[in-house]
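Chains as they are written, first to last, in the working numbering: chain W, 64 to 404; chain X, 64 to 404. Just so you know, even glycine gets a beta-carbon here, dropped at the ideal spot from N, CA and C. Data first, discussion second: the structure below is written as structure tokens.
Number of protein chains: 2
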Amino acid sequence: MLSERRLEVLRAIVQDYVGTEEPVGSKALTERHKLGVSPATVRNDMAVLEEEGFIAQPHTSAGRIPTDKGYRLFVDRLAGVKPLSAAERRAIQNFLDGAVDLDDVVGRTVRLLAQLTRQVAVVQYPSLSRSTVRHVELLSLAPARLMLVLITDTGRVEQRMIDCPAPFGENPLADLRARLNSRVVGRRFADVPQLVQDLAESFDLEDRPAVAVVLSTLLETLVEETEERLMIGGTANLTRFGHDFPLTIRPVLEALEEHVVLLKLLGEAKESGGMGMTVRIGHENAHEGLNATSVVSVGYGSGDEAVAKLGVVGPTRMDYPGTMGAVRAVARYVGQILAES
Amino acid sequence: MLSERRLEVLRAIVQDYVGTEEPVGSKALTERHKLGVSPATVRNDMAVLEEEGFIAQPHTSAGRIPTDKGYRLFVDRLAGVKPLSAAERRAIQNFLDGAVDLDDVVGRTVRLLAQLTRQVAVVQYPSLSRSTVRHVELLSLAPARLMLVLITDTGRVEQRMIDCPAPFGENPLADLRARLNSRVVGRRFADVPQLVQDLAESFDLEDRPAVAVVLSTLLETLVEETEERLMIGGTANLTRFGHDFPLTIRPVLEALEEHVVLLKLLGEAKESGGMGMTVRIGHENAHEGLNATSVVSVGYGSGDEAVAKLGVVGPTRMDYPGTMGAVRAVARYVGQILAES
DNA sequence: ACTGGCACTCGCCACCGTTGAGTGCCAAGC
DNA sequence: GCTTGGCACTCAACGGTGGCGAGTGCCAGT
Chain W
64 MLSERRLEVL RAIVQDYVGT EEPVGSKALT ERHKLGVSPA TVRNDMAVLE EEGFIAQPHT
124 SAGRIPTDKG YRLFVDRLAG VKPLSAAERR AIQNFLDGAV DLDDVVGRTV RLLAQLTRQV
184 AVVQYPSLSR STVRHVELLS LAPARLMLVL ITDTGRVEQR MIDCPAPFGE NPLADLRARL
244 NSRVVGRRFA DVPQLVQDLA ESFDLEDRPA VAVVLSTLLE TLVEETEERL MIGGTANLTR
304 FGHDFPLTIR PVLEALEEHV VLLKLLGEAK ESGGMGMTVR IGHENAHEGL NATSVVSVGY
364 GSGDEAVAKL GVVGPTRMDY PGTMGAVRAV ARYVGQILAE S
Chain X
64 MLSERRLEVL RAIVQDYVGT EEPVGSKALT ERHKLGVSPA TVRNDMAVLE EEGFIAQPHT
124 SAGRIPTDKG YRLFVDRLAG VKPLSAAERR AIQNFLDGAV DLDDVVGRTV RLLAQLTRQV
184 AVVQYPSLSR STVRHVELLS LAPARLMLVL ITDTGRVEQR MIDCPAPFGE NPLADLRARL
244 NSRVVGRRFA DVPQLVQDLA ESFDLEDRPA VAVVLSTLLE TLVEETEERL MIGGTANLTR
304 FGHDFPLTIR PVLEALEEHV VLLKLLGEAK ESGGMGMTVR IGHENAHEGL NATSVVSVGY
364 GSGDEAVAKL GVVGPTRMDY PGTMGAVRAV ARYVGQILAE S
């Protein structure tokens with residue numbers, strides 16, 4: 064078992080290493096932190112910590128650096144979440160207020176988070192799957208061509224072209240529009256398929272094929288667009304990574320471009336409740352390109368339920384308390400903004 | 064004046080340097096290219112080229128590398144546009160077909176262009192300013208709350224919430240919707256303000272404030288959203304830049320995140336006609352961060368007029384003929400895709 | 001006008017000894 | 001039984017040195 068002091072040593076190592084980016088030795092440790100013991104003692108503790116796999120030395124006779132396992136212990140037991148300063152909180156509010164539409168909210172959030180943490184920010188668009196239908200609109204563009212517009216309670220709008228098998232008159236169209244809305248407005252996406260199931264039957268025989276196409280397009284939109292979008296920013300911060308560049312950031316940039324990977328990453332981070340913060344460190348990330356990075360993510364939403372995730376991607380050697388504080392604070396404010404609009 | 068052979072030497076230098084990324088000397092040149100003269104002669108030519116500012120040496124007794132001015136001459140007079148192979152053209156078509164909506168088209172284009180050129184791709188969304196109105200829709204979300212949906216002929220959809228000063232009945236709403244559409248559908252954005260100018264007057268006095276709000280919101284949307292969006296991709300290709308990393312790619316990544324800068328960059332590239340290809344080399348780019356990069360851009364559009372730009376950003380040391388070929392080919396295919404939809 | 005020859009420059013690399021931070025171990029002390 | 005000071009050892013980093021070779025500029029000869 065690790066004594067209290069050994070944990071303290073680990074904490075000190077993590078803090079120093081995060082600050083200096085250089086392996087930290089026993090002497091420097093005792094000087095910077097009042098551990099109350101001599102370097103020799105610290106050396107013994109370090110030997111134990113190394114044996115247990117929490118720290119490692121890059122090469123013989125260099126200082127120690129934390130391993131992924133060491134960071135994990137640090138995050139789980141040694142570090143809290145550093146709350147933001149009043150000034151920072153004010154900055155967030157100023158930055159986020161004044162967003163005009165959903166794109167703008169997400170865009171501002173990404174920039175804000177990147178700036179605040181000095182890392183790469185990832186913000187998922189509010190997901191459709193948990194939201195409800197605010198309105199469905201059908202527009203006739205040409206005799207046999209419709210446009211379906213779906214509006215969600217998070218302010219998102221999706222549109223689809225529909226080519227009908229046969230021309231579709233204005234009256235049945237208005238009829239369909241009205242009935243469709245009366246059935247699905249305010250309902251959750253997941254419930255929609257069931258709610259429109261028998262809608263086609265109440266139409267004239269000649270119109271049924273067209274109605275069927277409309278309905279299936281609607282369902283398709285609901286399913287397809289549950290596939291989520293996201294926005295990233297602050298990639299320039301990657302250049303602060305290390306000194307051995309191309310090898311380090313190449314795979315990260317590649318991973319960041321594969322939005323599918325990122326979405327999976329955010330999606331998997333669901334432990335400890337929907338709104339809980341998740342920290343995945345180094346090799347805990349399934350994607351190989353992100354094995355040298357940590358991902359801090361948290362759910363956010365307009366209500367008490369999370370509708371999407373946001374987070375940052377940075378080197379495993381990051382300021383976890385600060386980053387977690389910033390991520391959590393931003394998520395809260397974004398939630399507020401969404402709830403207001 | 065530069066003799067024919069000197070130009071040939073410059074061309075050879077550019078080609079070799081682009082291939083090897085290393086300064087090229089007189090001996091290597093005569094070996095790889097059949098210039099028909101000895102290294103000594105080439106050395107004399109090089110001395111002249113250097114005096115004229117087309118090439119430079121990184122340090123005494125190293126080979127020469129082209130300067131921005133040298134690349135400029137190469138692009139203007141020595142290099143053509145390399146057409147794509149049949150296989151590449153087929154790949155483009157396969158890749159671009161099957162896009163379901165505008166976002167998808169743009170997204171695929173970015174990935175395609177990045178892959179094809181192995182550089183950073185930038186694609187501007189089809190601009191609203193030159194497009195026409197396909198449909199305007201007004202939805203009643205709550206008694207005094209409307210949603211305005213604007214659909215363009217390029218498939219873009221913009222929406223705005225409107226809070227009315229007073230409740231607005233279904234009938235006047237339908238009326239407004241019908242009249243609005245009859246006036247503006249098929250018209251260019253620029254003409255809309257004039258077309259709806261006196262529309263409010265034909266409504267009942269009590270409804271006029273609401274109508275006025277709707278109209279002003281519409282106009283606002285037209286103006287605001289003429290501010291264009293773009294998508295970028297292939298940033299991982301930046302890691303192939305040079306060996307002296309952080310300094311090189313940092314400013315580029317920063318510039319790429321400032322979409323405003325990129326839009327200006329694309330916007331300025333309008334010489335030689337709307338659809339003409341523009342190449343801006345090194346310091347020709349106003350933005351400092353892009354002083355070590357070249358930008359190859361071209362307009363694309365569904366008709367014979369360009370509605371937006373796309374291009375790539377890469378090191379000044381790039382394969383200009385190949386890049387230009389790829390950019391032009393992609394622009395053409397995207398134009399076709401847009402015209403079909 | 002082109003060419004071969006020649007002396008010169010200078011970045012690159014491999015080698016080498018020095019330096020210093022950091023370690024592991026051990027015997028003595030609290 | 002921890003803790004501590006001492007000590008020998010290791011090894012990355014640094015700076016200097018010398019040889020190598022690619023590349024240049026100049027000049028005299030054809």
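Cα separation between residue i and residue j?
| i | j | result |
| --- | --- | --- |
| X/THR356 | X/ARG343 | 9 Å |
| X/ALA358 | W/LEU373 | First, the residue type needs correcting, since residue 358 of chain X is Val and not Ala in the sequence shown. Their Cα atoms are separated by approximately 33 Å. |
| X/VAL277 | W/VAL169 | 26 Å |
| X/MET381 | X/HIS96 | 19 Å |
| W/THR104 | W/ARG68 | 10 Å |
| W/GLU264 | W/ASP270 | 10 Å |
| W/GLY232 | X/GLN399 | 31 Å |
| X/LEU204 | X/PRO235 | 15 Å |
| W/TYR363 | W/ALA392 | 10 Å |
| X/VAL247 | W/ALA154 | 42 Å |
| X/GLY336 | X/GLY330 | Reliability fails at X/GLY336, whose pLDDT of 47 lies under 50, so the model's placement of it is uncertain and no value is given. |
| X/ILE295 | X/ALA371 | 14 Å |
| W/ASP139 | W/ASP216 | 36 Å |
| X/GLU114 | X/LEU316 | 34 Å |
| X/ALA241 | X/HIS198 | 10 Å |
| W/GLY297 | W/ALA237 | 47 Å |
| W/GLU71 | W/LEU141 | 8 Å |
| X/ASN348 | X/GLU84 | 22 Å |
| W/GLU291 | W/ASN107 | 50 Å |
Spatial neighbours of residue i within its chain, please: CB distance less than 7 Å, with the 5 preceding and 5 following residues excluded, ordered by chain position.
| i | result |
| --- | --- |
| X/ARG250 | THR195, VAL196 and LEU258 |
| X/LEU293 | VAL185, VAL186, GLN187, TYR188, HIS322, LEU325 and LEU326 |
| W/SER66 | none |
| X/GLN222 | MET210, LEU211 and VAL212 |
| X/ARG152 | ALA392 |
| X/PHE158 | ARG171 and LEU175 |
| X/GLY143 | PRO384 |
| W/SER101 | THR93 |
| X/PRO272 | PRO228 and ALA229 |
| W/GLY88 | GLY126 |
Spatial neighbours of residue i within its chain, please: CB distance less than 8 Å, with the 5 preceding and 5 following residues excluded, ordered by chain position.
| i | result |
| --- | --- |
| X/PRO86 | TYR80, GLN120, PRO121, ALA125, GLY126, ARG127 and ILE128 |
| X/ALA91 | ASP79 and GLY126 |
| W/ILE118 | LEU73, ILE76, MET109, LEU112, ARG127, ILE128, PRO129, THR130 and GLY133 |
Taking the alpha-carbon of residue i as reference, which of the options has the nearest alpha-carbon?
| i | options | result |
| --- | --- | --- |
| X/ARG313 | X/HIS322, X/VAL323 and X/THR302 | X/THR302 |
| W/ASN300 | W/LEU141, W/CYS227, W/GLU115 and W/VAL376 | W/VAL376 |
| W/ARG208 | W/VAL220, W/PRO228 and W/GLU221 | W/PRO228 |
| W/ASN354 | W/PRO272, W/HIS346 and W/SER360 | W/HIS346 |
| X/ALA402 | X/ASN107, X/VAL100, X/ALA154 and X/LEU165 | X/LEU165 |
| W/VAL361 | W/GLU269, W/LEU176, W/ASN244 and W/PRO272 | W/LEU176 |
| W/LEU282 | W/ASP238, W/PHE252 and W/THR215 | W/PHE252 |
| W/PHE462 | W/ALA273, W/THR379 and W/ASP160 | Nothing can be reported for residue 462 of chain W, as the shown portion of chain W is limited to 64 through 404. |
| X/LEU230 | X/VAL274, X/ASP254, X/PRO384 and X/GLY218 | In the sequence under discussion, the amino acid at residue 230 of chain X is Pro, which differs from the Leu named in the question. Answer by Cα proximity: X/VAL274. |
| W/LEU202 | W/GLN178, W/ASP216, W/GLY161 and W/LEU239 | W/LEU239 |
| X/MET224 | W/GLY99, W/LEU243 and W/VAL220 | W/VAL220 |
| W/SER279 | W/ASP226, W/ALA237 and W/GLY99 | W/ASP226 |
| W/GLY352 | W/GLY339, W/THR284 and W/THR311 | W/THR311 |
| W/ASP254 | W/VAL286, W/ALA237, W/PHE266 and W/PRO272 | W/VAL286 |
| W/LEU179 | W/GLY339, W/ASP167, W/GLU84 and W/GLN156 | W/GLN156 |
| W/PRO256 | W/LEU243, W/GLU84, W/VAL183 and W/PRO206 | W/LEU243 |
| W/GLY10 | W/GLY339, W/SER365 and W/PHE304 | The shown model of chain W, from 64 to 404, leaves out residue 10 of chain W, and the question about it has no answer. |
Apart from the five residues on each side of it in sequence, which residues of its chain come closer than 6 Å, Cβ to Cβ, to residue i?
| i | result |
| --- | --- |
| W/ARG181 | ASN300 |
| W/THR172 | VAL186 and VAL397 |
| W/HIS350 | ALA318 and VAL324 |
| X/LEU262 | none |
Would you check if the stretch 320-330 of chain X and the stretch 170-188 of chain X touch, i.e. whether three or more CB-CB distances between them fall below 8 Å?
Short answer: they touch.
Are there three or more Cβ pairs, one per stretch, closer than 8 Å when the stretch 144-152 of chain X is compared with the stretch 384-392 of chain X?
The count of Cβ pairs closer than 8 Å, one atom from the stretch 144-152 of chain X and one from the stretch 384-392 of chain X, reaches three, so the stretches are in contact.
Fully enclosed by the stretch 107-156 of chain X, which alpha helix (DSSP H) runs are 4 residues long or longer?
Correct list: 131-136.
Write down every uninterrupted run of the alpha helix (DSSP H) in the stretch 228-302 of chain X whose length is 4 residues or greater and which is fully enclosed by it, in chain order.
The stretch 228-302 of chain X is shown to contain whole alpha helix (DSSP H) runs of 4 or more residues at 233-247, 255-259 and 271-287, in chain order.
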